[in-house]
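As structure tokens, then:
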């Protein structure tokens, strides 16, 4: 079943995400993807001029909903990313969500990427050689950077820094405007300015396609997906239940049908056991 074949799909973005999302959706579904002119910066910016008021999920949904309200389309796609640090370790972490909203079928589908493949970083420098050293570590100039005077809260900001000549000009300007004789420099996480992030959006889009192609065995609705991961594999040494995943529970959001998939081995290595390896 290809329920999107020949249908019009509205992609809500102003940061060139259509470069990866549009060809993937059109190749997978035979649909026609149109890019919305809606200014999505109103929902929050990575450059902090506008703070994001809602969660990642709610923001992506709001983008899709607002885009559809302004057009005669019935299927909308929006993307939202977050950057921070892994909850268990001080390493940069990127989560990307690509959401599809189908108003005709009252259906919502999601694709995710979550991982440490990101150049998300920042630093404060007092001289140009230090700025140059930082940008060389984060993939500049393919990955753009942003400069501010003093710190991350400064209103004196220069972005779209895409060459060493622009970097030097921006550093000189921000340094001369600084009260503390320092410059805050950070990676630009906007999609068009960050190829690594764009690749992660592509991964999330591929997962969205997988979810759309996963049909409910009961009613045939797209989006039959994992809603719960159940731990409980037994330690092969002492037979104590571990936190290792033993089964996936799939569910349909339309008819509520559920199905359990066992992941193979009942037993797992003692290294995952809280008794044998506390």
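Residue numbers (my numbering): 81 to 358.
Just so it is clear, CB atoms sit at the ideal spot from N, CA and C, and this is done for glycine as well.
Model, not experiment: these values are computed from the prediction.
query	result
If distances are taken between C-alpha atoms only, which option among 205, 90, 343, 310 comes closest to residue 153?	90
Which residue wins for smallest C-alpha separation from residue 323, given the options 353, 297, 307, 343?	353
Is the segment 341-355 close to the segment 309-318, with three or more CB pairs under 8 Å?	yes
Cα separation between residue 334 and residue 342?	23 Å
Can residue 325 and residue 159 be called in contact, C-beta distance under 7 Å?	no
Fully enclosed by the segment 142-196, which beta strand (DSSP E) runs are 3 residues long or longer?	155-165, 172-182, 187-195
How would you write the range of the alpha helix (DSSP H) that residue 269 sits in, first residue to last?	Taken as a continuous stretch (DSSP letters only), residue 269 belongs to no alpha helix (DSSP H), as it is neither H nor E.
What span of residues does the alpha helix (DSSP H) with residue 282 cover, start to end?	275-292
Anyone know if the C-beta pair for residue 131 and residue 92 falls short of 7 Å?	no
In whole angstroms, what is the alpha-carbon distance linking residue 258 and residue 229?	5 Å
If I measure Cβ to Cβ from residue 251 and keep anything under 7 Å in the same chain, skipping five residues before and after, which residues do I get?	208, 211, 227, 263
Tell me which residue opens and which closes the alpha helix (DSSP H) that residue 216 is part of.	208-217
Confirm, please, whether the CB-CB distance from residue 224 to residue 271 is below 7 Å.	no
For the putative contact between residue 136 and residue 175, defined by C-beta atoms under 8 Å, what is the C-beta separation to the nearest angstrom?	7 Å
Please state if the CB of residue 291 and the CB of residue 303 are separated by a distance shorter than 7 Å.	yes
Figure out for me which residue from 241, 83, 157, 192 has the closest Cα to the Cα of residue 287.	192
What does the Cβ neighbour count give for residue 165, buried or exposed, with the cut at 16 atoms within 10 Å?	exposed
At a cut-off of 6 Å, is residue 221 close to the ligand PLP when judged by its beta-carbon and the heavy atoms of the ligand?	Looking at this structure, you won't find the ligand PLP or any other ligand, since it has none at all.
Give me the DSSP bridge partner(s) of residue 90.	114, 156
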